[in-house]
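In terms of the numbering used here, the sequence shown opens at residue 1106 and continues consecutively.
Heads up, the beta-carbon is just placed ideally off N, CA and C, and yes, glycines get one too.
Structure record follows, encoded as structure tokens.
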Amino acid sequence: MLIIMMIVLLLVMIIPQRKRDKKIKDMLASIKVGDRVRTIGGIYGTVTNIKDDIITISVGPDKARLVFARGAIANVEDVAVENTMEESNSK
1106 MLIIMMIVLL LVMIIPQRKR DKKIKDMLAS IKVGDRVRTI GGIYGTVTNI
1156 KDDIITISVG PDKARLVFAR GAIANVEDVA VENTMEESNS K
């Protein structure tokens, strides 16, 4: 009985983590030039170049370029949502 409970507990912990890992891996693989991204350090920018696992993003009004490892990207921002929010704020 104890072994069955331990197996169930492990499955409850491992399966969701694998799903999260797969989602992150898919997100990192789908990054393309022009995407707005946020790094793990909280820097927002637009992807300007991708070469293997190196991503260059431009930030700020002067378009300063910063180079990051692909794994340093925390998420890809949804530009469509941002645009609709900006339009609703301007009304």
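- Task: Classify V1152 as buried or exposed, calling it buried when 16 or more other Cβ atoms lie within 10 Å of its own Cβ.
- Result: Per the 10 Å Cβ criterion, buried.
- Would you please state the rounded distance, in angstroms, between the beta carbons of D1158 and R1143? I believe it to be under 8 Å. Cβ-Cβ separation between D1158 and R1143: approximately 18 Å, too far for a contact (criterion under 8 Å).
For K1168 and I1162, I'd like the C-alpha separation in whole angstroms. Cα to Cα, the separation comes out at about 9 Å.
If G1146 sits next to V1164, beta carbons under 8 Å apart, how far is it from one beta carbon to the other, in whole angstroms? Rounded, the Cβ-Cβ distance is 11 Å, inconsistent with contact.
Express the C-alpha separation of M1106 and K1156 in angstroms, rounding to a whole number. Each residue's Cα considered, the two are about 52 Å apart.
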